[in-house]
Amino acid sequence: GTGLGLATVYGIVEQHHGWIEVDSHVGQGTSFHVHLPRLATGPAPLPSARPAETAPRPGGGTETVLVAEDEPGLLSVTSRILKRAGYRVLEAADGQAALALWRQHAGVVDLLLTDLVMSGGLSGRQLAEQLQLEQPRLKVLYMSGHSEEVAGRGLGLREGVNFLQKPFASAHLLATLRACLDSQPAAASQVS
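Okay, here's the thing in structure tokens:
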């Protein structure tokens, strides 16, 4: 990986007012213990009527998002956030897997959410360029543990518009993704 996994986890844990304990012994390995506060109140009451499955939630939508992220934990969390907001999500553990999913689901992807730096030989930038050759109006939202100036030289990245700096809060992810999708009609959504 890129060495940003622990930084990402730390950011997420801090946002939730938790902490991480590290236990390391030479020759024995290292253990990380993540501590998060318990929910202060009971679970929210269930709604009396279940909303329609395709109805977008606030900050969400029903579009299809291809998520390319080589850190399994972050891929899982990001996908879960998007699914809970109503999006259809295709998960790829690297650029090559994203390319395969793209070909398998031709014409249905509205937005590519990709890490800029991924293992596996195909970076997020290369992946986006390749997919946009096939679908020029494809929306792309980049993410990285580095700032937009460092991570995306020459891409014209702007935080909150087409770039998310890791770690990010779920509300920021959803708001930025929604803004990116709404910036112009997505090509796949125009197909009837």
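The sequence shown lines up with residues 1121 to 1312 when you count with my numbering.
Think of the CB as a built atom: it goes at the ideal place given N, C-alpha and C, for glycine as much as any other residue.
In this structure, the straight-line span from the alpha carbon of residue 1133 to that of residue 1198 is close to 15 Å.
One thing to note: residue 1215 has its Cβ no nearer than 9 Å to the Cβ of residue 1258. A distance below 9 Å separates the beta carbons of residue 1190 and residue 1240. At a Cβ-Cβ threshold of 9 Å, residue 1194 and residue 1244 do not count as neighbours. Shown here for residue 1155: same chain residues with a beta carbon closer than 6 Å to its own, the five before and five after excluded, namely 1138 and 1139 in chain order. Within the same chain, 1201 come within 8 Å of residue 1290 by CB-CB distance, once the 5 residues on both sides are set aside. By a beta-carbon distance limit of 8 Å, residue 1184 contacts residue 1228. Their separation comes to about 5 Å.
Of all alpha-carbon atoms in 1286, 1292 and 1260, the one lying nearest the alpha-carbon of residue 1301 is that of 1260. Residue pairing of residue 1144 in beta bridges, as defined by DSSP: 1150. In the displayed model, residue 1233 falls within a strand according to three-state DSSP. If you draw a straight line from the Cα of residue 1147 to the Cα of residue 1141, it is about 19 Å long. By alpha-carbon distance to residue 1206, the top candidate from 1180, 1145, 1234 and 1299 is 1180. Here residue 1152 is exposed, its C-beta having fewer than 16 other C-beta atoms within 10 Å.
Counting of Cβ neighbours within 10 angstroms places residue 1284 among the buried residues, the total reaching 16 or more.
Between residue 1251 and residue 1297, the beta carbon gap of about 17 Å keeps them out of contact (Cβ cut-off 8 Å).
For residue 1208, there is no enclosing alpha helix (DSSP H); the enclosing beta strand (DSSP E) has its first and last residue at 1208-1212.
In this chain, the alpha helix (DSSP H) harbouring residue 1296 covers 1290-1302. Taking the Cβ atoms as the reference, residue 1186 lies roughly 12 Å from residue 1226, outside the contact range of under 8 Å. In this structure, 1230 is the residue among 1230, 1242 and 1224 with its C-alpha nearest to the C-alpha of residue 1208.
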